[in-house]
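Since the structure comes first, as structure tokens, the remarks are kept for the end.
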Amino acid sequence: MWLGMLQNKVKDTELRKLVSKRVADYLSSHNYQVESDVKITGQSGIEHIFDIVARRNDGFTARTMAVCIILGSNQEEESSSIFNFANKAFDTGINERILIAIPKLTPETRNLAEKQRIKVFDEDRLEDLLITSTKRPNRLEGMNNISSREDLIKALTNLGYTIRENARIKGRSGISHVFDVVASDINTENYTLGIDILKKQPALELQDVALFDAKAFDCGISDKVIATTAKITPDAQQFADAQKVKLIKLNPIPISTEESAAITTAEEVVKTSAKTESKNGKPAITDLRQSPRPEALKLIPEVLARRYTAIPLNIVGNTLEMAMADPSDILALEAFSAHSKRRIKPIPADAREIRESIDFNYKGYGDIEKYLSRMSIPSEITDDRLAIDAAIDAPLAQALNLIIEEAVKARSSDVHIEPNEDRLRVRFRIDGTLQDMMSLPITAHRAIISRIKILGDMNIADHFHALDGQFSVNAGGREIDIRAATAPTVNGEMSVLRLLDKSRATIELSQLGFLPESLEKYNKMLKVPYG
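Just add 19 to the spot in the sequence shown (first one is 1) and you have our numbering.
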């Protein structure tokens, strides 16, 4: 083996140069433009140096690959090199990362590299790779001659890709997704090109691209392509550009007069439906409150729905239809897919209508509005009378208890109750971020604030100073200590409730994640009575 022989005859610096040259020659033979010891400035403004950077555009995708070479290091040096390489690649936006380790990495450092999405080639695998001498064309000669699935597959095959049609891939969420074509690069390990061919619909919409992007993200597809004969809408093109989905316009085959008339009719339907969209481009869903199906609501918890301002509507086969304020939010699509174990079809909708639908459909929040509607306290009541009624009104007490229970279920640390001009805004702080959870009738504002003041032993008649108090409640069988505060705002008093769940407040020292030897040292120190 040439690498083993070289290691015994040359120094590390010379070996690095020889390995670098062989790798560069191999990549050049596969039509990459190769540079060695390349300096690239990252998004942070820091200049990084890579052993090798290789670029290639084959007409389907433009690829950039960074290569790092490690020679005979110990485990600590290997780990440091891996972290440094991963950070450089991330800062410069390079997703394809190749690590060449001579002779080989330890199992621990190999696992570390794979977690950093780095493909590792040790001595043996590198030799197997470099003996491959396949030569491919420089790039595809235009897209004008591609008009069908067969033309597309032939072009990919000529470029040296191995092809799988109707490929089923299991994603990280556990869901199996089907791609019309999956093309693998035989010369680059683990590189896959996912392709869907969409020809039947008259227009390619944003939700079509978002659905494809979500399944490609779940399956870890390297590059994404949609081939279509349909008209591409501006929103779909913008989303595809942002998510790096390549859209290929297939050159349509001449069609008959009857087929042309059918397509024209379909396009008219699309235009007609587009007229029903609102001015902000969101389609008008008739009565979003009544649209969600009970079986769909069970798949997505209300906390997740509120976090991403979305609500499940219906289940069609293995697809869950979701009304979303931002259908291009790939993280939301991935979260919904992972939780529901289904493919997600996003449907654009107005954010305010979605929040109202969530309030109406999810049981806990619906009950809050139900109790508030039964409240017998008039909005024009005096402070003295309000103090009495707020203390004895059962529906008001139940509504506030439900708000706190929902906050505890969502593992919220704070509840913000804030009056707007026409609604009472309730927000939960979850994982450090304030999230809109419900919008209540403004008529309940004074009563809820007064109820909080009574529980916290605050002055109910003082509306112009910040006040503090505390009380405890039982929420779902758990004792919750609450620190309450009120403060005046332009629209009236607001309140913030800090929640402390006693069942989660105390944990053992051993639960903090110390190594056994460190835990033993701390236990010994804690037993020392002084010093």
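Here a beta-carbon is modelled for each residue, glycine too, at the ideal position from N, C-alpha and C.
State buried or exposed for residue i, treating a residue as buried only when at least 16 other CB atoms are found within 10 Å of its CB.
| i | result |
| --- | --- |
| VAL335 | exposed |
| LEU528 | exposed |
| HIS484 | exposed |
| GLN52 | exposed |
| MET544 | exposed |
| PHE102 | exposed |
| SER63 | exposed |
| THR32 | exposed |
| ASN380 | buried |
| ARG116 | buried |
| ALA506 | exposed |
| ARG187 | exposed |
| THR452 | exposed |
| ILE240 | buried |
| PRO438 | buried |
Skipping 5 residues on each side, what residues in its chain have a beta carbon closer than 6 Å to that of residue i?
| i | result |
| --- | --- |
| PHE490 | LEU474, GLY475, ILE501 |
| THR125 | GLN94 |
| GLY532 | none |
| THR1 | The structure shown does not extend to residue 1, since the chain is modelled only from 20 through 550, so no value can be given for it. |
| THR83 | ARG74, ILE113 |
| LYS290 | Note that LYS290 scores 42 on pLDDT, short of 50, meaning its location in the model is unreliable; the coordinates nonetheless yield the value given after this. Hits under 6 Å: none found. |
By Cβ distance, which residues of its chain are closer than 7 Å to residue i, with the 5 residues on each side in sequence left out?
| i | result |
| --- | --- |
| ILE88 | ARG35, VAL38, SER39, ASP70, ILE119 |
| GLU440 | ASN510 |
| LYS301 | With a pLDDT of only 48 at LYS301, under 50, the local geometry of the prediction cannot be trusted, and the value read off the model is given with reservation. Cβ neighbours of LYS301 beyond the five flanking positions: PRO367, ALA368, ASP369. |
| GLY193 | LYS360 |
| ALA233 | ILE349, LEU352, GLU353, SER356, ILE363 |
In angstroms with no decimal places, state the Cα-to-Cα distance between residue i and residue j.
| i | j | result |
| --- | --- | --- |
| HIS67 | THR111 | 8 Å |
| PRO548 | HIS482 | 51 Å |
| GLU340 | ASN130 | 38 Å |
| THR211 | ALA416 | 58 Å |
| LEU516 | ASN114 | 44 Å |
| ILE461 | ASP254 | 37 Å |
| ILE467 | LYS107 | 53 Å |
| ASP260 | GLY61 | 21 Å |
| VAL264 | ASP170 | 20 Å |
| LYS472 | LEU316 | 35 Å |
| ALA324 | ARG191 | 21 Å |
| PHE258 | LEU266 | 11 Å |
| GLU278 | ARG168 | Caution applies to GLU278, whose pLDDT of 45 falls short of 50 and renders its modelled position unreliable; the value that the coordinates give is listed next. Whole-angstrom Cα-Cα distance: 19 Å. |
| ASP348 | SER195 | 21 Å |
| ASP77 | LYS364 | 31 Å |
| SER48 | VAL42 | 10 Å |
| ARG442 | HIS464 | 9 Å |
| SER98 | ASP143 | 21 Å |
| ALA132 | ARG308 | 48 Å |
| ASN50 | LEU178 | 11 Å |
| GLU127 | ALA105 | 16 Å |
| ILE137 | PHE109 | 11 Å |
| GLU286 | LEU46 | In this predicted model, GLU286 has a pLDDT of only 42, less than 50, meaning its place in the structure is not dependable; the value taken from the coordinates is given anyway. Their Cα atoms are separated by approximately 46 Å. |
Have a look at the DSSP bridge pairing and note the partners of residue i.
| i | result |
| --- | --- |
| GLU66 | THR60 |
| PRO460 | ARG442 |
| CYS87 | LEU118 |
| HIS12 | The requested residue 12 does not occur in the structure, where the chain is confined to residues 20 to 550. |
| LYS268 | THR247 |
| TYR180 | ASP204 |
| MET341 | PRO331, PRO365 |
| THR452 | ILE449 |
| LEU212 | ALA202, ASP242 |
| ASN493 | GLU498 |
Taking Cβ to Cβ, would you say residue i is nearer than 8 Å to residue j?
| i | j | result |
| --- | --- | --- |
| ILE387 | LEU421 | yes |
| SER458 | ARG446 | no |
| ARG362 | ASP455 | no |
| ILE251 | LEU223 | yes |
| ARG312 | ASN337 | no |
| LEU175 | ILE165 | no |
| ASP520 | VAL427 | yes |
| ILE172 | PHE198 | no |
| LEU350 | ALA229 | no |
| ILE436 | MET513 | yes |
| VAL322 | ILE423 | no |
| SER356 | ASP487 | no |
| ALA246 | LEU225 | no |
| LEU391 | ALA429 | no |
Sorted by chain position, which residues of the same chain lie with C-beta nearer than 8 Å to residue i's C-beta, five sequence neighbours on each side aside?
| i | result |
| --- | --- |
| SER359 | LEU318, ILE319, PRO331, LEU339 |
| ARG497 | VAL427, ASP520, LYS521, SER522 |
| ASN4 | The structure shown does not extend to residue 4, since the chain is modelled only from 20 through 550, so no value can be given for it. |
| LYS540 | none |
| ASP56 | ILE68, PHE69, ASP70 |
Please confirm if residue i has its CB atom under 8 Å from at least one CB of chain C.
| i | result |
| --- | --- |
| ASP110 | Included in the structure is just one protein chain, with no chain C present. |
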